[in-house]
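Novice: Residue numbers (full-length UniProt numbering): 1 to 152. What follows is a structure written as structure tokens; I'll ask about it next.
Shown next, in the form of structure tokens:
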């Protein structure tokens with residue numbers, strides 16, 4: 001599991017072998033990354049968001065409303081001048097919960113909205129993907145969303 005989350009790889013799409021290995025699934029999901037052409041990537045953890053907002057590093061722009069939902073937030077914000085157009089994360093969950101759920105979903109049901117489940121009477125999904133890294137397969141991203149279609 002260590003290398004699945006912490007194995008290094010490049011997020012550059014050109015020649016992967018020549019680019020520096022400067023990213024990991026853990027960094028992407030829990031810390032977030034900046035990309036000059038895209039803005040904020042990853043950053044799928046409410047606790048990190050909260051601490052950065054409290055420190056004045058986040059310029060909160062607003063949220064996208066989800067009816068009857070207290071467990072997931074989708075927001076727009078700037079982090080140190082980089083825009084996150086739409087980013088989401090669980091609210092009030094522990095990092096251990098997120099880490100465990102994202103691990104299980106990424107290994108057993110990787111892909112776009114592939115890991116479907118119900119949490120507190122709310123139908124949800126986790127989208128995830130893996131990448132080739134210096135130690136084999138590594139997590140590229142994992143993030144939650146509401147299940148908009150009834151696919152159960």
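C-beta atoms are modelled at their ideal positions from N, C-alpha and C, and glycine is treated no differently.
Determine, using beta carbons only, whether residue 61 and residue 42 come nearer to each other than 9 Å.
Specialist: For residue 61 and residue 42, no; Cβs fall outside 9 Å.
Novice: For residue 63 versus residue 74, is the C-beta spacing smaller than 9 Å?
Specialist: It is a contact, given that the beta carbons lie within the stated cut-off.
Novice: Start and end of the beta strand (DSSP E) containing residue 29?
Specialist: Premise fails: residue 29 is in no beta strand (DSSP E) and is neither H nor E.
Novice: If you measure between the beta carbons of residue 91 and residue 70, is that distance less than 9 Å?
Specialist: Against a cut-off of 9 Å, the Cβ pair of residue 70 and residue 91 comes out as a contact.
Novice: According to DSSP, is residue 137 part of a helix, a strand, or is it coil?
Specialist: Three-state DSSP puts residue 137 in a strand.
Novice: To the nearest angstrom, how far is the alpha carbon of residue 79 from that of residue 120?
Specialist: Cα-Cα distance, rounded: 30 Å.
Novice: Return the residue from the list 134, 56 and 84 that minimises the CA-CA distance to residue 36.
Specialist: Taking only the C-alpha atoms, the option nearest residue 36 is 84.
Novice: Would you say residue 126 and residue 148 are within 9 Å of each other, going by their C-beta atoms?
Specialist: No, these two residues do not count as a Cβ contact at 9 Å.
Novice: So, at 6 Å on beta carbons, what are the nonlocal neighbours of residue 34 in its own chain, with the 5 sequence-adjacent residues on each side left out?
Specialist: Counting only Cβ-Cβ distances below 6 Å, and skipping sequence neighbours, we find 82.
Novice: So the beta strand (DSSP E) residue 84 belongs to, where does it begin and stop?
Specialist: Residue 84 -> beta strand (DSSP E) spans 82 to 90.
Novice: Does the Cβ of residue 56 have 16 or more other Cβ atoms within 10 Å, making it buried, or fewer, making it exposed?
Specialist: Classification of residue 56: exposed, given that the 10 Å Cβ count is below 16.
Novice: Helix, strand or coil for residue 75, going by three-state DSSP, please let me know.
Specialist: Here residue 75 sits in strand by DSSP.
Novice: According to the neighbour-count rule (16 or more other Cβ atoms, all chains shown, within 10 Å of its Cβ), is residue 124 buried or exposed?
Specialist: Buried, since its Cβ has 16 or more Cβ neighbours within 10 Å.
Novice: Can you give the Cα-Cα distance for residue 4 and residue 59, rounded to whole angstroms?
Specialist: Straight-line Cα distance between these residues: approximately 32 Å.
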